[in-house]
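*Asks:*
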Amino acid sequence: MAYEETFRRVSQILKPELRNRLKEMAHDPASTVGKALEARGATPDEFLAVLEGRETQSFQESVAGRSKFIEAIILRVGRPSFLIVGGKVDWSTGDDFEDGVRIETLRSRADALSGSFLAVGRVDTVNHPSMDWLGTCWLVNHGDGTIAVTNRHVAEIFALNRPGGRVAFRTDPNSLVRLGAKVDFRHEHMTAAVQTAEVKAVRYLARPNDPDVAILELDGAHLAQALELAADEASVGDLICTVGYPAYDSRNAADAQADIFRDTYDLKRFAPGRVRQSTGKGLRLLHDASTLGGASGSPLMNLESGKVVGLHFSGRYLTENVAVSVESIRDALEGRTAVAVASPGESPEGRKDGVSQSSHFDGREGYRPGFLAEGLSTDRHGDPKLHAPMPQPPKDTLAPLLSDPDDHELRYTHFSVLYDAERRSPRLTAVNIDGESPVKIKRGNDKWNKDLRIDPELQLGSSDFPGDFDRGHLVRREDPNWGTPEVAAQADADTFHYTNASLQHALLNRSRQRWLGLEKYILRSAQTHGLRASVFTGPILSDADSALADRPDLLVPRAFWKVVVMVAADGERLHATGYVLGQAEFIQSTTETFQYGDFNLFQVPIARIAAATSTDFHGLEEFDPMAALAETEARLGGATLIDSLDDITL
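Residues in the sequence shown are numbered from 1 upward in steps of one, following full-length UniProt numbering.
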């Protein structure tokens with residue numbers, strides 16, 4: 001749109017009272033408008049001419065100068081962009097390329113590359129709630145499989161790095177559907193043909209401070225001939241082109257986009273340009289081919305050799321565009337990176353999953369109900385008032401021990417687990433913590449095992465924990481690690497059994513630090529005695545829990561509870577507090593639609609946890625300070641939001 005027309009439209013939409021106010025401010029040097037005019041070298045008369053829809057000579061000169069400035073930027077950096085139709089450049093869809101290159105030369109080189117255009121595709125989303133497509137990728141001739149290259153910031157919309165170097169597909173936090181992507185190698189102007197391939201794995205996803213590269217593995221054996229990487233880095237002045245899918249980008253002036261792209265976006269395009277700066281081997285390079293947001297991931301191809309010299313990843317409005325160097329692309333493909341390359345479902349953790357035979361647990365005592373009293377004088381050890389029996393959920397869904405169908409307690413070092421066979425999840429854990437003799441265990445390989453004391457088919461494995469879902473320790477790995485170094489190491493290893501792992505969405509991490517810090521905070525409280533605690537934890541299981549999209553048999557808990565028991569400061573009774581890590585919906589008992597992301601930490605009466613989980617806490621409710629709070633006085637219907645640990649009622 002021309003500047004004259006822009007100014008007229010602005011004048012037309014201003015209300016009369018606002019227009020009059022702006023006129024007054026234009027003649028006041030101290031006003032916002034007056035300061036803005038001075039900073040831009042404009043006069044009040046020019047400004048008033050705009051408001052009144054007339055043109056002074058100085059106004060016309062000013063407009064002409066500004067228009068020339070815009071065109072100069074376009075001529076110097078913008079470069080034309082041409083639609084690709086039927087696999088060839090349609091030269092009628094863009095302006096001439098003016099850079100000392102004969103149009104015949106440019107066209108002949110582009111025509112020679114046309115066979116490579118089918119190696120470039122648009123990255124479309126699968127199951128994303130709001131985005132249809134993300135950017136560009138291209139096939140690369142490298143090793144086995146069908147491999148494509150794009151940007152990290154494109155792939156991270158549907159994939160994420162997980163511990164151990166693996167890359168996993170994300171899961172939509174609301175629908176629990178696994179996100180994914182596919183590549184359309186056509187999507188050309190006036191072309192109905194499609195040629196798609198599914199992204200079946202993400203081989204590599206760069207970390208934030210690494211070159212913006214992602215390596216995809218596609219499920220497609222009959223795709224176009226892949227592109228080849230140049231042997232050497234690009235040089236300043238090299239004639240290059242990008243092939244990609246520029247999208248309308250509000251960060252760029254609408255006028256400039258309309259001039260270059262002629263209001264046609266999201267389709268495959270060819271954009272010639274030159275390398276403007278090369279910052280050295282393995283570093284980025286600058287170019288001036290016209291690109292917009294959807295061109296992220298486009299190959300930067302040398303127009304003479306036809307080989308890839310860079311990977312476009314960002315730009316600054318009509319100033320410069322930036323690409324990852326060919327050496328950095330090669331490093332990612334060869335695995336010369338700080339992050340190991342792995343595919344979803346083939347994680348190092350998954351390959352290391354093992355089993356623990358029943359005999360492995362010989363001598364494990366498990367949770368001790370009298371543990372708190374044992375921290376007092378010898379004559380108090382048998383005091384039943386200071387014992388905290390293990391809470392009892394309904395037995396009908398608990399997994400029995402194979403050696404004794406009447407026994408459901410899995411005993412480990414300093415903790416025990418009751419496992420729910422129907423939900424394939426720990427139902428309740430109980431751990432004894434001795435804050436006086438903790439042992440710090442250096443984190444190792446985190447090898448997870450199945451416990452063969454119960455049916456292994458009831459237990460989950462690494463493949464059951466998709467992208468955004470963690471193997472959440474219900475018994476924290478640090479909690480049972482006390483006593484001698486040997487015993488502490490045994491306790492640490494015991495926590496890495498799938499009987500202690502629950503599906504937990506990564507968004508629970510919002511309150512993770514407060515959740516994990518509860519025990520330590522309470523151990524140090526003046527309201528309690530000594531440094532011993534017994535902690536009970538479990539998920540709040542409900543038939544209303546959402547299932548994983550690809551696994552209707554796996555329901556994801558909406559909330560988790562924890563009860564911390566200690567000896568009260570007077571040494572004569574127990575002290576118990578209850579907490580829920582979940583969303584406000586559960587706390588308020590409303591009927592609002594459940595949305596992941598609403599997870600917070602609440603202190604709640606133990607009686608509410610007992611009711612929600614059908615669990616018998618053997619009278620711990622009477623030692624709960626929250627029980628004394630009237631329902632009408634407590635926030636959220638008997639629950640207190642814990643923004644910091646100082647909010648805890650002890």
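We treat Cβ as the ideally placed atom computed from N, Cα and C, and that holds for glycine.
Given the structure, does A231 come close to the ligand ADP, in the sense that its CB is under 7 Å from one of the ligand's heavy atoms?
*Replies:* Annotation note on the ligand ADP: not contained in the displayed structure, which lists no ligands.
*Asks:* For P539, which beta-bridge partners are listed by DSSP?
*Replies:* BP columns for P539 point to F560.
*Asks:* With DSSP run on the structure shown, which of helix, strand or coil describes G135?
*Replies:* Reduced to three states, the DSSP call for G135 is strand.
*Asks:* Please report the distance separating the alpha-carbon of E233 from that of A256.
*Replies:* Answer to the nearest angstrom: the Cα atoms are 31 Å apart.
*Asks:* I'd like to check one pair, I240 with V275: are the Cβ atoms closer than 8 Å?
*Replies:* Against a cut-off of 8 Å, the Cβ pair of I240 and V275 comes out as a contact.
*Asks:* According to DSSP, is S175 helix, strand or coil?
*Replies:* Of the three classes helix, strand and coil, the one that applies to S175 here is coil, per DSSP.
*Asks:* Any idea if E478 is buried or exposed, counting beta-carbon neighbours within 10 angstroms, 16 or more meaning buried?
*Replies:* Buried is the call here.
*Asks:* Kindly list the residues whose CB is nearer than 8 Å to the CB of D111, restricted to its own chain and excluding five residues on each side of it in sequence; keep chain order.
*Replies:* Counting only Cβ-Cβ distances below 8 Å, and skipping sequence neighbours, we find K88, V89.
*Asks:* I'd like to check one pair, R423 with L223: are the Cβ atoms closer than 8 Å?
*Replies:* Not in contact: L223 and R423 (Cβ atoms no closer than 8 Å).
*Asks:* Could you pull out every unbroken alpha helix (DSSP H) segment of at least 4 residues lying fully inside the segment 94-170, listed in chain order?
*Replies:* Listed in chain order, they are 103-113, 152-155.
*Asks:* So, for A610: in the same chain, excluding its five sequence neighbours on each side, which residues have a beta-carbon less than 6 Å away from its beta-carbon?
*Replies:* F617.
*Asks:* Could you pull out every unbroken beta strand (DSSP E) segment of at least 3 residues lying fully inside the segment 195-255, listed in chain order?
*Replies:* List check, beta strand (DSSP E) in window: 196-205, 214-219, 239-244.
*Asks:* Give the C-beta separation of A168 and R162 to the nearest angstrom, bearing in mind that I take them to be a contact with Cβ-Cβ under 8 Å.
*Replies:* About 5 Å; that satisfies the 8 Å criterion.
*Asks:* Apart from the five residues on each side of it in sequence, which residues of its chain come closer than 7 Å, Cβ to Cβ, to residue 654?
*Replies:* Nothing about residue 654 can be reported from this structure: the residues present for the chain run from 1 to 650 only.
*Asks:* Taking DSSP as the reference, what is the three-state secondary structure of I606?
*Replies:* Helix at I606.
*Asks:* Tell me the residue span of the alpha helix (DSSP H) that contains R471.
*Replies:* Where R471 is concerned, there is no enclosing alpha helix (DSSP H), although the beta strand (DSSP E) it sits in stretches over 469-473.
*Asks:* May I ask you to list the residues that DSSP assigns as paired with H497?
*Replies:* In the DSSP output, where bridge partners are listed per residue, H497 has N449.
*Asks:* Within 10 Å of its beta-carbon, does T640 have 16 or more other beta-carbons around it, so buried, or fewer, so exposed?
*Replies:* T640 should be labelled buried.
*Asks:* Helix, strand or coil, according to DSSP, for F415 in the structure here?
*Replies:* In this structure, F415 counts as strand in the three-state DSSP scheme.
*Asks:* Would you kindly check if the distance between the Cβ of D553 and the Cβ of G461 is under 8 Å?
*Replies:* No, Cβ-Cβ distance for G461 and D553 is not below 8 Å.
*Asks:* Quick test of your reading: G578 and R427, contact by CB under 8 Å. State the CB separation rounded to the nearest angstrom.
*Replies:* With 8 Å as the limit, G578 and R427 do not qualify as a contact, their Cβ atoms being about 17 Å apart.
*Asks:* Does the contact criterion of 3 or more C-beta pairs under 8 Å hold for the segment 488-507 versus the segment 404-415?
*Replies:* Segments in contact, yes.
*Asks:* If we ignore side chains and look at the alpha-carbon of each, how far apart do Y367 and R207 end up?
*Replies:* Rounded to whole angstroms, Y367 to R207 spans 42 Å at the Cα level.
*Asks:* Looking at V120 and G244, is the spacing between their C-beta atoms short of 8 Å?
*Replies:* Against a cut-off of 8 Å, the Cβ pair of V120 and G244 comes out as a contact.
*Asks:* Reducing DSSP to helix, strand and coil, say where R262 ends up.
*Replies:* Here R262 sits in coil by DSSP.
*Asks:* Out of I157, N432, D331, P80, state which residue places its alpha-carbon closest to the alpha-carbon of L106.
*Replies:* Closest option to L106, Cα to Cα, is P80.
*Asks:* Within the continuous beta strand (DSSP E) that includes V309, where are the two ends?
*Replies:* 308-316 is the extent of the beta strand (DSSP E) around V309.
*Asks:* Can you tell me whether R573 is helix, strand or coil according to DSSP?
*Replies:* Residue state, collapsed to three classes: coil.
*Asks:* Using a 10 Å radius around the Cβ and a threshold of 16 neighbouring Cβ atoms, would you call P384 buried or exposed?
*Replies:* Its Cβ having fewer than 16 others within 10 Å, P384 is exposed.
*Asks:* Where DSSP assigns a beta bridge to M390, which residues make up the other side?
*Replies:* Note: M390 sits in no beta bridge, so no partner.
*Asks:* Please tell me whether T125 and L134 are closer than 8 Å, where the distance is taken between their beta carbons.
*Replies:* It is a contact, given that the beta carbons lie within the stated cut-off.
*Asks:* Run through the DSSP bridge pairs and tell me what N432 is partnered with.
*Replies:* Per DSSP, S534.
*Asks:* Applying the 10 Å Cβ sphere with the 16-neighbour rule, what's the burial state of T378?
*Replies:* Flag for T378 reads exposed.
*Asks:* Please work out which residues of its chain come closer than 6 Å, Cβ to Cβ, to V355, disregarding the five sequence neighbours upstream and downstream, and give them in chain order.
*Replies:* Excluding residues within five positions, the ones whose Cβ falls inside 6 Å are N449, K450, L452.
*Asks:* Taking the alpha carbon of G582 as the reference point, which residue from I103, N141, S437, L601 has its own alpha carbon closest?
*Replies:* Taking only the C-alpha atoms, the option nearest G582 is L601.
*Asks:* Short of 6 Å in beta carbon distance, which residues of its chain neighbour R122, apart from the five on each side in sequence? Order them along the chain.
*Replies:* Answer for R122: W133, D184, H187, Y245, listed in chain order.
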